[in-house]
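Chemist:
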Ligand code: SAH
């Protein structure tokens, strides 16, 4: 059985044509799907005959809200969604002045093995389909009843390890007949799968690319991010520069500050040298404590000192505001507990 949300819009049009439907049917159905219809029965402007035809080969995929938490501090909403096969993923909706932003997952689990990350404990179970990625936005928006205007692909999983489905998703979520979320309002975060960064540059999608750097040199990065054994920092930075050159879109970097591992003044200087001239923004994230891991964050004073050092060296750096701290909103932790 086919999930129609796994088709890109043109493929949907083609498919419908192949079962004898007129061209305009695609826009009708796509719109219903993106509004969170649970079945063909809800699609009141589609004839019974057409619905019966669709039901032969296809289905309307849904996501079940298994758990939901709303932060009393800042309104952040965290979902544990259950997939049709019983697997769970997390999505988080954050309220900013400029609108609602959703943080979505790209895989069930992750095989990148970053030492500080909860999502990778237990490894990769499977990729999410394009429809399952899109459903997180559809069903969170439906549940909240307010438009989601921004997306960050920073939940569970490595998006560039599920490349084709992520690209399909990006096309579909941007389609004006559906959710119509601007590509400039979408950020994709990667641990740095270098060949896929070059591929992404060729897709001609004006999204923001952010790199989980977390270390200013190979020695440190090797110990906390296994991907660095495959692609060294110099290759990664080269790919970033090439991405900027090809797309005109500035890269940003994420840097989780781990006490005693990557947060010295010397590390800040090294980082500033590494990314010099890229005009890149650095997002500093005080590392979140994960039960199974020994890593700790520094004090507020130490974190601010690292930021100030970067700024004094001409790097545009900010410390990420923590949202939803009362509902353990950072990713991977909820799914792990339920497992
Ligand atoms: N796989 C992608 C996206 C998922 S994680 C990537 O690596 O970018 C989103 C961000 O949170 C990444 O920068 C990741 O390194 C970071 N992160 C993961 N666990 C963390 C933790 N315990 N504390 C702080 N940041 C963490």
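Residue numbers (my numbering): 4 to 342.
Where is the CB? At the ideal position from N, CA and C, for every residue including glycine.
I'd like the list of long-range same chain contacts for residue 73, defined as Cβ closer than 6 Å, with 5 residues on each side in sequence excluded.
Modeler: Indexing the chain shown from 1 puts residue 73 at position 70. Cβ neighbours of residue 73 beyond the five flanking positions: 80.
Chemist: Does the distance between the C-beta of residue 95 and the nearest non-hydrogen atom of the ligand SAH fall short of 7 Å?
Modeler: On the chain shown, residue 95 is found 92 positions in, with the first residue counted as 1. It does not: the Cβ of residue 95 is nowhere closer than 7 Å to a heavy atom of the ligand SAH.
Chemist: Kindly list the residues whose CB is nearer than 6 Å to the CB of residue 316, restricted to its own chain and excluding five residues on each side of it in sequence; keep chain order.
Modeler: Within the chain shown, residue 316 is the residue found at index 313, counting from 1. Within the same chain, residue 316 has close Cβ partners 275.
Chemist: Would the beta-carbon of residue 175 fall within 8 Å of that of residue 133?
Modeler: Taking the first residue of the chain shown as 1, we reach residue 175 at position 172. Taking the first residue of the chain shown as 1, we reach residue 133 at position 130. In this structure, residue 133 lies closer than 8 Å to residue 175 by Cβ.
Chemist: With H, G and I counted as helix, E and B as strand and the rest as coil, what does DSSP make of residue 209?
Modeler: Translated into the one-based positions of the chain shown, residue 209 becomes position 206. Coil at residue 209, not helix or strand.
Chemist: Going by C-alpha to C-alpha distance, which of 42, 162, 135 and 187 sits closest to residue 153?
Modeler: Residue mapping note: residue 153 aligns to position 150 of the chain shown, counting from 1. Per the Cα distances, 187.
Chemist: Would you give the residue range spanned by the beta strand (DSSP E) that residue 218 belongs to?
Modeler: Locating residue 218 in the chain shown gives position 215, where the first residue counts as 1. Careful: residue 218 lies outside any beta strand (DSSP E) and carries neither H nor E.
Chemist: Residue range of the beta strand (DSSP E) that residue 168 falls in?
Modeler: Locating residue 168 in the chain shown gives position 165, where the first residue counts as 1. Not the beta strand (DSSP E): residue 168 falls in the alpha helix (DSSP H), residues 166 to 177.
Chemist: Quick one: which unbroken alpha helix (DSSP H) runs of 4-plus residues sit fully inside the stretch 274 to 317? Chain order, please.
Modeler: Whole alpha helix (DSSP H) segments, 4+ residues: 303 to 315.
Chemist: Which residues bound the alpha helix (DSSP H) around residue 234?
Modeler: On the chain shown, position 231 is the one that residue 234 refers to. Taken as a continuous stretch (DSSP letters only), residue 234 belongs to no alpha helix (DSSP H), as it is neither H nor E.
Chemist: Kindly list the residues whose CB is nearer than 6 Å to the CB of residue 223, restricted to its own chain and excluding five residues on each side of it in sequence; keep chain order.
Modeler: On the chain shown, position 220 is the one that residue 223 refers to. So the list reads 265, once near-sequence residues are dropped.
Chemist: According to DSSP, what are the bridge partners of residue 151?
Modeler: Looking up residue 151 in the chain shown gives position 148. Note: residue 151 sits in a beta bridge opposite 103.
Chemist: Who are the Cβ neighbours of residue 284 in its own chain at under 8 Å, not counting the five residues just before and after it?
Modeler: Your numbering for residue 284 matches position 281 in the chain shown. 253, 255, 256, 319, 320 and 321, listed in sequence order.
Chemist: To the nearest angstrom, how far is the alpha carbon of residue 198 from that of residue 219?
Modeler: Along the chain shown, one-based indexing puts residue 198 at 195. Along the chain shown, one-based indexing puts residue 219 at 216. Taking the straight line joining both Cα atoms gives about 21 Å.
Chemist: Would the beta-carbon of residue 104 be found less than 7 Å away from any heavy atom of the ligand SAH?
Modeler: Locating residue 104 in the chain shown gives position 101, counting from the first residue. Not under cutoff, so the answer is no.
Chemist: Between residue 191 and residue 209, is the Cβ-Cβ spacing less than 8 Å?
Modeler: Position 188 of the chain shown, counted from the first residue, corresponds to residue 191. Position 206 of the chain shown, counted from the first residue, corresponds to residue 209. Not a contact, by the Cβ cut-off of 8 Å.
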